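Chemist: Here this note's numbering is used: the sequence shown runs in plain steps of one and ends on residue 81. Using N, Cα and C, we set each Cβ at its ideal position, and we do this for glycine too. The model shown is predicted, which means the values in this text are computed figures rather than measured ones. I have a structure I would like to understand better, so I am pasting it below and will then ask my questions one at a time.
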Amino acid sequence: QEDGAAARVLEDSGAGRMFGWNEKERLLQFMENSHAPADNIEKYSRCELTARLAELLDKYTK
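Encoded structure:
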């Protein structure tokens, strides 16, 4: 889904974009123009997400 949670993660992290089934030309154009690595993807790593979860648990259990 082009406007769902996965689409937001891809967009926020710079890791890519979500395309609909009928957006072949937009997908091809994106693939041709995408050369830069994702800069913000680290915030979605297991380590970072686990640390954030631990912070939230600490905050609400103390």
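Quick test of your reading: asparagine 59 and glycine 33, contact by CB under 8 Å. State the CB separation rounded to the nearest angstrom.
Modeler: Here the question's residue 59 lines up with position 40 in the sequence shown. Here the question's residue 33 lines up with position 14 in the sequence shown. At roughly 5 Å, the Cβ-Cβ gap stays under 8 Å, so asparagine 59 and glycine 33 are in contact.
Chemist: Skipping 5 residues on each side, what residues in its chain have a beta carbon closer than 7 Å to that of glycine 35?
Modeler: As a first step, residue 35 must be located in the sequence shown, where it is residue number 16. Here the set comprises Leu29.
Chemist: Using the three-state DSSP reduction, which class does methionine 37 fall into: helix, strand or coil?
Modeler: As a working note, residue 37 is residue 18 in the sequence shown. In the structure shown, methionine 37 sits in coil (DSSP, three-state: anything other than H, G, I, E or B).
Chemist: Could you give the DSSP three-state label for glutamate 61: helix, strand or coil?
Modeler: Position 42 of the sequence shown, counting from 1, holds the residue named residue 61. Helix, per DSSP.
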